[in-house]
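Working notes, structure below.
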């Protein structure tokens, strides 16, 4: 698969077909191809020999997609940054990327600008560029990204308190797409169909809908953050979408299931549910099977570091009745899964250990972070060929080739699909003036992380605890996205310690229930 | 029924304040987000057999534990 050629092909064969439908309007394949090529030339002129990935700031407008493709057509990766990321964190991402310019598809918050010299290419400038009267110059003079060059880069929570950039190459994405177009039903059945987009583009789950859709010449139907937060808008939007392929976190399906009208009557064309990003529970699967008896429900698993997902399994009513928790699936062709003990030795089948992924979709590493990259990534031979491998930090086991996920071996958690390093929350808490020490712990119910709680030691006794909690949350919101703000903050005189002098997280978790 | 509702709310909100202060606004206080709300409706359906459609019922009608109980009692009496 070559995704850029595939998009161009659809633009030639079905020029007027919508590539993306948003609340701000639609864009056809012809417009998408032409506009992204025009913007690619402008980028090439502005950046010249500098091939640093370009941050793209915005939400779900058609300009976002144009900007992504413009970057890769001009030979640069892109780094999506959603409007839900608070300005201080946007700033630290921009500092880490250190690009000569950013493409901004929404008004850019001035406090997020790391230096006055960074050029912001605004939405108005993007629109002017893509609607300019002169046609795109010759295609030949652009050299799009290929091979091991970075196609996109997504920042995830880092344990030091600053996010780290996962680089996904052109090869990784194309290899991933060869498989993702076959998920749930045949690739041919997905041709020209409507794909639902729930996740923001800075969350790699969106790659599953966006690029699988474009690879199948389909139409991406996006749901904005606002629509997702309001049932009065969400249910009509779903009805209007008439989607065939559903891609979301299981949590989002739970939200939709709260409305009794969410059923095959609302979405009669829905063939496939693709779930990724967090545990799919038996309860969610059973409720979906009841409402959508003719749709295929697929569970998948994978870290951002191995391009969205690497396993798949259809969750049939029989499987859902006989297995709890549900398996996350069989490895895709091109991925090998191994389970290692703490010494890096493979464990016997059925035994728990760290999930190790090897194959043709493993990231080239963390952006400008050689020591972090060396810790998590390695090279090895499979079938006489060299492949990259990644130590996921996830705990799991294999049974008859089926992978089961058991949680994390470190301090990372998944909350509603969002990946969070607890230490990231802790270091941001400790940076607040009133806080001396802080520890964040997950609240787990029915095998799923439901929220984050934080224990804090204050520098001085609070006058009013409830006000202090609100105050801390508000301060934290300047640095962390909403989903990383602890739901509960409890004050202690000191953090309980284990015998070897570390925070006693087990004891703290026990204090919650 | 009241006890069941309190139990559900306590589990979802992870706080017994819902019982000690049943007039507290669940949404304004961060006790419940959209996902917690979805879970609440699913639990009410499972345990009390009452289906509440969020697109038909305004959140403000059931925004406190007491209001929710009053709403469920009214539904039960119909």
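Protein chains in written order, with the numbering used here: chain A, 137 to 649; chain B, 69 to 146. Using N, Cα and C, we set each Cβ at its ideal position, and we do this for glycine too.
- When DSSP assignments are scanned along the stretch 194-275 of chain A, the uninterrupted stretches of alpha helix (DSSP H) that are 4 or more residues long and fall wholly within it turn out to be 198-209, 223-233 and 259-266.
- In terms of Cα proximity to residue 245(A), the closest of 254(A), 372(A), 466(A) and 226(A) is 226(A).
- Per DSSP, the continuous beta strand (DSSP E) segment holding residue 289(A) begins and ends at 286-292.
- Rounded to the nearest angstrom, the gap between the Cα atoms of residue 542(A) and residue 535(A) is 13 Å.
- For residue 524(A), the enclosing beta strand (DSSP E) stretches over residues 521-535.
- CA-CA distance, residue 363(A) to residue 583(A), rounds to 29 Å.
- Taking a beta-carbon distance threshold of 8 Å, residue 111(B) does not count as an interface residue toward chain A.
- Residues of chain B whose Cβ lies closer than 7 Å to the Cβ of residue 556(A) do not exist, since the nearest Cβ in that chain is about 15 Å away.
- Of the candidates 624(A), 585(A) and 561(A), the residue whose Cα lies closest to the Cα of residue 296(A) is 561(A).
- Within the same chain, and ignoring the five residues on either side of residue 120(B) in sequence, the residues whose Cβ sits closer than 6 Å to its Cβ are 109.
- Residue contact with chain A for residue 131(B): absent (no Cβ-Cβ distance below 8 Å to any residue of chain A).
- Contact annotation for residue 91(B) against chain A: no contact, minimum CB-CB distance about 15 Å [criterion: below 9 Å].
- Residue 596(A) sits exposed, since fewer than 16 C-beta atoms from the chains shown fall within 10 Å of its C-beta.
- Listed along chain A, the residues sitting closer than 9 Å to residue 119(B) by beta-carbon distance are 396.
- Taking 8 Å as the threshold, the shortest C-beta distance from residue 390(A) to chain B falls below it.
- Residue-level contact by beta carbon holds for residue 103(B) and chain A, with a gap shorter than 8 Å.
- Between residue 357(A) and residue 379(A), the alpha-carbon positions lie close to 8 Å from each other.
- Remark: C-beta atoms of residue 516(A) and residue 493(A) do not approach each other more closely than 8 Å.
- As DSSP reads the structure, residue 321(A) sits in no beta bridge.
- Assignment of residue 452(A) by DSSP, reduced to helix, strand and coil, places it in the coil class.
- Taking CB atoms only, residue 219(A) has no neighbour in chain B less than 8 Å away.
- Unbroken alpha helix (DSSP H) runs of no fewer than 4 residues, entirely contained in the stretch 383-456 of chain A, are found at 386-393 and 418-427, following chain order.
- Ranked by Cα distance from residue 576(A), the options 557(A), 568(A), 330(A) and 137(A) are led by 557(A).
- Interface residue (Cβ-Cβ distance to chain B less than 8 Å): residue 387(A) is classified as such.
- In this structure, the CA atom of residue 316(A) is about 12 Å from the CA atom of residue 381(A).
- Under the 8 Å Cβ criterion, the stretch 365-373 of chain A counts as touching the stretch 121-133 of chain B, having at least three qualifying pairs.
- According to DSSP, residue pairing for residue 137(A) in a beta bridge does not occur.
- Annotated three-state conformation of residue 503(A) is coil, per DSSP.
- Chain-order list of chain A residues neighbouring residue 144(B): empty, with the shortest C-beta distance near 18 Å, by a criterion of under 9 Å.
- Where residue 180(A) is concerned, the enclosing alpha helix (DSSP H) starts and stops at 165-183.
- The distance from the Cβ of residue 352(A) to that of residue 327(A) is about 5 Å, consistent with a contact at the 8 Å cut-off.
- Every unbroken stretch of the alpha helix (DSSP H) spanning 4 or more residues and falling wholly within the stretch 323-353 of chain A is given here in chain order: 341-351.
- Residue 69(B) counts as exposed, since fewer than 16 other beta carbons sit within 10 angstroms of its beta carbon.
- With contacts defined by Cβ atoms closer than 8 Å, residue 298(A) and residue 234(A) do not form a contacting pair.
- Using a CB distance below 9 Å, no part of the stretch 146-161 of chain A faces chain B.
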